[in-house]
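One structure is given here, and the rest of the page talks about it.
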Amino acid sequence: MFDFAGKKAFITGGTRGIGLSVAVMLAKAGADVAVNYLRNRSAADEARNAIMDASGGKEPLLLKGNVAKDDDIEKMFAEIGEKWGGLNFLISNAASGVLKPSAELTHHHWQWTMDINAYALLPLSRHAIPLMKGNGRIVAVSSLGSIRAFQNYAAVGASKGALESLVRHLCVEYASQGINVNAVSASVVDTDALKHFPNREAMIEESLQWMPAKKLVEPEDVANAIMLMCSDYTRMVHGHTFIVDGGLSIMLPG
Ligand SMILES: NC(=O)c1ccc[n+]([C@@H]2O[C@H](COP(=O)([O-])OP(=O)(O)OC[C@H]3O[C@@H](n4cnc5c(N)ncnc54)[C@H](OP(=O)(O)O)[C@@H]3O)[C@@H](O)[C@H]2O)c1
Numbered sequence: 019m020f021d022f023a024g025k026k027a028f029i030t031g032g033t034r035g036i037g038l039s040v041a042v043m044l045a046k047a048g049a050d051v052a053v054n055y056l057r058n059r060s061a062a063d064e065a066r067n068a069i070m071d072a073s074g075g076k077e078p079l080l081l082k083g084n085v086a087k088d089d090d091i092e093k094m095f096a097e098i099g100e101k102w103g104g105l106n107f108l109i110s111n112a113a114s115g116v117l118k119p120s121a122e123l124t125h126h127h128w129q130w131t132m133d134i135n136a137y138a139l140l141p142l143s144r145h146a147i148p149l150m151k152g153n154g155r156i157v158a159v160s161s162l163g164s165i166r167a168f169q170n171y172a173a174v175g176a177s178k179g180a181l182e183s184l185v186r187h188l189c190v191e192y193a194s195q196g197i198n199v200n201a202v203s204a205s206v207v208d209t210d211a212l213k214h215f216p217n218r219e220a221m222i223e224e225s226l227q228w229m230p231a232k233k234l235v236e237p238e239d240v241a242n243a244i245m246l247m248c249s250d251y252t253r254m255v256h257g258h259t260f261i262v263d264g265g266l267s268i269m270l271p272g
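Okay, structure coming up:
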């Protein structure tokens, strides 16, 4: 359905879960792919193999770095600039966060979560936009916690709210320069990230109970929406958050 031959895409947190699914789909559609990760080298090596399989042998750029650190972002973009000289798609997907009741959240927990999940989009965009040369897509990956409340999710939910607001503000600044900035948000997806939730089982159960679609969103469902946001079909979509949740957000009580 999508032909992205000749396009260059950078996916943060692109070695596992949703990010890997996006990277594989973009590679399958012909794009050159750069994937960022932070710690897990073996997942990065597996991701490289999966991307090469999908692309018919084209090697991705593997970029290690913390998206919360300006210096790391600068180094990653220096490599992209040197190897590619341009960029079409930035998928700001990497996330982390402290999952605790609000009474237990420290300033450090808050800052950590905000820096990775919200702040990172600022320097990532600042470096990406000049490489996009007046024609690019920025897609940030968000979650329903931006508009709904979940147990232990205060810091992450607030960071995703900030992220979606930043998306709207970046959109206003860059739409006239040929850059679309949007977010794709999802309900619970059973990736490695979910293993860190103290209330994982309850979240899955509650989602299934309320979701009209009665099945969990999968990484590929989110990746499909991101592909759409990178395509010409959405060339007039600016500053939106596209929700992939099987209808959950219109059904949750309260
Ligand atoms: N899973 C869900 O239920 C769900 C629902 C809605 C939205 N989302 C959003 O979808 C996105 C992806 O989530 P996921 O569940 O696919 O995550 P995941 O499976 O845990 O994968 C996280 C990826 O991000 C990388 N990463 C983590 N912190 C980083 C940092 N500071 N700098 C650079 N890379 C970093 C990881 O690298 P290493 O492997 O090196 O650690 C890994 O590649 C996130 O924005 C998340 O908020 C997830």
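Be aware that the sequence shown starts at 19, since it is given in the working numbering, and climbs by one per residue. All residues carry an ideal CB built from backbone N, CA and C; glycine is no exception.
Buried or exposed: which applies to residue i, given that a residue is buried once 16 or more other Cβ atoms fall within 10 Å of its Cβ?
i	result
Lys213	exposed
Asn67	exposed
Arg253	exposed
Thr33	buried
Met132	buried
Val40	buried
Pro237	buried
Asp71	exposed
His125	exposed
Pro276	With the chain represented from 19 up to 272, any question about residue 276 goes unanswered, as that position is not in the structure.
Ala86	buried
His187	exposed
Ser120	exposed
Met19	exposed
Given a cut-off of 8 Å, decide if residue j and residue i are closer than it, judged by their beta-carbon atoms.
i	j	result
Val185	Gly257	yes
Gly35	Ala211	yes
Ile134	Ala167	no
Val255	Asn200	yes
Leu181	Leu139	yes
Ser205	Leu162	yes
Lys178	Gly104	no
Gly99	Leu149	yes
Along the beta strand (DSSP E) that carries residue i, what are the first and last residues, could you check?
i	result
Val116	Segment: none, Val116 is in no beta strand (DSSP E) and carries neither H nor E.
Asp50	Asp50 to Tyr55
Ile36	No beta strand (DSSP E) holds Ile36; the alpha helix (DSSP H) holding it covers Gly35 to Lys46.
Val202	Ile197 to Ala204
Gly154	Gly154 to Ser161
Val262	Thr259 to Val262
Phe95	It is not in any beta strand (DSSP E) - Phe95 instead sits in the alpha helix (DSSP H) that spans Asp88 to Trp102.
Leu79	Leu79 to Lys82
Need the endpoints of the alpha helix (DSSP H) that residue i sits in, please.
i	result
Tyr192	Ala172 to Tyr192
Leu140	Leu139 to Met150
Ala220	Arg218 to Trp228
Lys232	Here Lys232 belongs to no alpha helix (DSSP H), and DSSP marks it neither H nor E.
Ala68	Arg59 to Ser73
Please report whether the beta-carbon of residue i lies at a distance below 8 Å from any beta-carbon of chain C.
i	result
Arg155	Among the chains in the structure shown there is no chain C, since it carries only a single protein chain.
Keeping to the same chain, check which residues put their C-beta closer than 7 Å to that of residue i; ignore five residues upstream and five downstream.
i	result
Asn84	Leu56 and Asp90
Leu270	Arg166 and Trp228
Ala173	Gly115, Val116, Leu123, His127, Trp128 and Thr131
Ser194	none
Ile244	Val40, Ile109, Val157 and Val202
Pro230	Gly264, Gly265 and Met269
Asp88	Pro141
Counting only the same chain and skipping the five closest in sequence on each side, list residues whose C-beta sits under 6 Å from that of residue i.
i	result
Gly154	Asn106 and Ile197
Glu191	none
Note down, in chain order, each residue of its chain lying with its Cβ closer than 8 Å to the Cβ of residue i, except the 5 sequence neighbours on either side.
i	result
Glu64	Thr33
Inset, instruction - Can you list the residues near ligand 1, meaning Cβ strictly closer than 6 Å to any non-hydrogen atom, in the order they appear in the chain? - result: Shown in chain order are the residues whose CB sits closer than 6 Å to a heavy atom of ligand 1: Thr30, Gly31, Thr33, Arg34, Gly35, Ile36, Gly37, Asn54, Tyr55, Leu56, Arg57, Asn58, Ala61, Asn84, Val85, Ala86, Asn111, Ala112, Ala113, Ser114, Ile134, Val159, Ser161, Ala204, Val206, Val207, Thr209, Asp210, Ala211 and Leu212.
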